[in-house]
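Colleague: In our numbering, the protein residues as written are 49 to 487.
Beta carbons are placed, not taken as given, at the ideal position from N, Cα and C, and that holds for glycine.
Fair warning: this is a prediction, and the values are worked out from it, not measured in the lab.
The following block contains the structure, expressed as structure tokens.
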Amino acid sequence: MAAYFPDVPAIPYEGPDSKNPLAFRHYNPSEVVDGKTMKDHLRFAVCYWHTICGTGSDPFGPGCAVRPWDDLGGTPLEVALRRVDVFFELVTKLGVPFYCFHDRDVAPEGKDLKETNANLDAVVKKLKAKQQETGVQLLWGTANLFSNKRFVHGASTSCNADVFAYAGAQVKKALEATKELGGTNYVFWGGREGYHNLYNTDLKREFDHLAKFLHLAIEYRNSIKLDAQFLIEPKPKEPTTHQYDSDAAACMAFLRTYGLEKEFKLNLETNHATLAGHTMFHEMTYAASYGMLGSIDANRGDELIGWDTDQFPTNLYTTTQMMMVILGAGGLGRGGLNFDAKVRRESFEPVDLFHAHIGGMDAFAQGLKIASAIRKDGGLAKFVKERYASWDTGIGADIEAGKADFAKLEAYMLAKGDVEKNTSGRQEMLENYINRFIK
Ligand code: XLS
Ligand code: NI
Ligand code: NI
49 MAAYFPDVPA IPYEGPDSKN PLAFRHYNPS EVVDGKTMKD HLRFAVCYWH TICGTGSDPF
109 GPGCAVRPWD DLGGTPLEVA LRRVDVFFEL VTKLGVPFYC FHDRDVAPEG KDLKETNANL
169 DAVVKKLKAK QQETGVQLLW GTANLFSNKR FVHGASTSCN ADVFAYAGAQ VKKALEATKE
229 LGGTNYVFWG GREGYHNLYN TDLKREFDHL AKFLHLAIEY RNSIKLDAQF LIEPKPKEPT
289 THQYDSDAAA CMAFLRTYGL EKEFKLNLET NHATLAGHTM FHEMTYAASY GMLGSIDANR
349 GDELIGWDTD QFPTNLYTTT QMMMVILGAG GLGRGGLNFD AKVRRESFEP VDLFHAHIGG
409 MDAFAQGLKI ASAIRKDGGL AKFVKERYAS WDTGIGADIE AGKADFAKLE AYMLAKGDVE
469 KNTSGRQEML ENYINRFIK
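What follows is the structure in structure tokens.
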């Protein structure tokens, strides 16, 4: 079989001192950290949409990425089948164990839904064969319910009931494809589920329809015995001004309101957290606190740009904080770290796809080692425990145990007169403490 990246070898681990740009300096899949291999901790996935379908286009010009395999001719389906070989060559050379895709990333739309489904079947057959050949597994499947013009007003929240019907048919098929490929999760990112202006929008009716759609998806998943965790991916804006699934807290409130909370977890994305005015540390901690952390879309935004730039993650503070939450939660479970990230328009050569993933994988491997050292040292946990010590005995323990009403609090404070003292939060000291481990 032709090699599409003839100049790139399988990426080796060479250790922190290596100067080889096509080698890992930290990601050593078999290295054991806290009783588990790096490979099992990190559960990396490559995404199909940015990596294979990304062209580098932006609002000011069409794509300029050099992708020689797309210039070899053939029908749209033949091109799609060739791209599967390209993708698996890249994934196996990186040594990444998982991948993720949307239905429309892998197969072209046909003249009607029937032909579109047949195209998908043909590519799924090939994906399955490549999975068996390489051992690479599907982390999650999903449906693209936003690119085609039929979804101009959204999918399940469209004002047009026929669009809801089409989206249902499409997700039904995508769930079947996920089952065929042994996917262990299925993601619902909001796409165009949201609005720009309330003058033309029945917000409550759209939320009801979104919930109805998810209930129907659960029903169908169960009927075909697909063993996949459903995940909602929050994002506050883009493409719409007000995306319905705005952040972790809003998604969890929505799920509880509509009786969906037991069926879903969250797929959190770093750049979406930033757009929501949060840190990823916040979003992950919030979800993990309620057992709702499902999986991660690992990327980053740009501090100076207000949109979803989907850059590859390289910031060690962020990866360290993320790994602290993941280790604290006892691991990612059936989730993973999916690089929902794209190379810059200016990085248009095929080899840039490798540099990008190598950097992201190394940033998380290093973050894992740092987070593990911080947890082992225990200084942070000890500080937080002591900061809340007033809740462990006396009036604090009584309040937590439900043994104090307002009358008791009043009697307690009248006797005491006032709060005796507060202690410093020591933020700067703790930031310095964390810096001791960043190396
Ligand atoms: C877009 C989302 C999307 C989802 C999958 O902003 O991140 O790529 O991850 O539909
Ligand atoms: Ni994403
Ligand atoms: Ni995104």
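1. Please classify I280 as buried or exposed, where buried requires at least 16 neighbouring CB atoms within 10 angstroms.
2. Can you tell which of D350, D295 and K310 has its C-alpha closest to the C-alpha of A324?
3. Secondary structure at K84, three-state DSSP: helix, strand or coil?
4. In chain order, what are the residues with a CB under 6 Å from some non-hydrogen atom of ligand 3?
5. Scan the region 374-401 and note each continuous beta strand (DSSP E) run of 3 residues or more that stays entirely inside, going in chain order.
6. Where do the N-terminal and C-terminal ends of the alpha helix (DSSP H) with C207 fall, by residue?
7. Suppose the cutoff is 7 Å on Cβ atoms and the five residues either side in sequence are ignored; what does the same chain contact list for E397 look like?
8. Would L251 be called buried (16 or more neighbouring beta carbons within 10 Å of its own) or exposed?
9. Under the rule that 16 or more other beta-carbon atoms within 10 Å means buried, what is N319, buried or exposed?
10. Let's test the definition: count the other Cβ atoms within 10 Å of the Cβ of I406 and tell me whether it reaches 16, buried, or not, exposed.
11. Looking at the secondary structure, which residues open and close the beta strand (DSSP E) in which A93 lies?
12. Of the residues G63, L70, F360 and S66, which one's Cα is nearest the Cα of P57?
13. Does the beta-carbon distance from M300 to L316 come in below 8 Å?
14. Have a look at N208 and R198 and give me their C-alpha separation to the nearest angstrom.
15. By DSSP's criteria, S343 is part of a beta bridge. Which residues make up the other side?
16. Please work out which residues of its chain come closer than 7 Å, Cβ to Cβ, to L258, disregarding the five sequence neighbours upstream and downstream, and give them in chain order.
17. Closest by CA to K23, which one among G383, G408 and L375?
18. How would you write the range of the alpha helix (DSSP H) that L142 sits in, first residue to last?
19. Helix, strand or coil: how does DSSP classify D446 here?
20. Given this structure, state the Cα-to-Cα distance separating E254 from G202, to the nearest angstrom.
21. Report the residue from T85, L262, E351 and E181 whose alpha carbon sits nearest the alpha carbon of K310.
22. List the residues that DSSP assigns as beta-bridge partners of Q218.
23. CB-CB under 7 Å to A51, same chain, minus the five flanking residues each way: which ones, in chain order?
24. Answer with buried or exposed for Y247, where buried requires no fewer than 16 other C-beta atoms within 10 angstroms of its C-beta.
25. Could you check if T182 is buried or exposed, using at least 16 other CB atoms within 10 Å of its CB as the buried criterion?
26. Rounding to the nearest angstrom, what Cα-Cα distance links R484 and Y365 in this structure?
27. Compare the beta carbon distance of P282 and L314 with 8 Å and say whether it is the shorter of the two.
28. Pull the bridge partners of Q291 from the DSSP assignment, please.
29. With three or more beta-carbon pairs closer than 8 Å as the criterion, would you say the region 140-148 touches the region 124-132?
30. Under a three-way DSSP split, which group does Y338 fall into?
31. For Q179, report the span of its beta strand (DSSP E) as first-last.
32. In terms of residue numbering, what span does the alpha helix (DSSP H) encompassing Y481 cover?
33. Should V235 be counted as a contact of ligand 1 given a C-beta to heavy atom distance under 7 Å?
34. With a CB to CB cut of under 7 Å and the five nearest residues on each side skipped, what residues in its chain are close to D400?
35. Would you grab the beta carbon distance between W237 and D153 for me? Rounded to a whole angstrom, and I think it's under 8 Å.
36. On a Cα-Cα basis, can you pick out the residue from D169, I374 and L303 that is closest to E224?
Modeller: In short, the structure shows the following:
1. buried
2. D295
3. strand
4. E317, N319, H320, D356, D358 and D388
5. 385-387
6. Taken as a continuous stretch (DSSP letters only), C207 belongs to no alpha helix (DSSP H), as it is neither H nor E.
7. V114
8. exposed
9. buried
10. buried
11. F92 to C95
12. L70
13. no
14. 10 Å
15. N315
16. S204, T205, E241 and Y292
17. Here the chain comprises residues numbered 49 to 487, so residue 23 is not present and cannot be evaluated.
18. P124 to L142
19. helix
20. 10 Å
21. L262
22. Answer by DSSP bridge pairing: none, since Q218 is not bridged.
23. E137
24. exposed
25. exposed
26. 12 Å
27. yes
28. G242
29. no
30. coil
31. Looking at the DSSP string, Q179 is not in any beta strand (DSSP E); the run it does join, the alpha helix (DSSP H), is L161 to T182.
32. Q475 to F485
33. yes
34. V391
35. About 13 Å; that fails the 8 Å criterion.
36. D169
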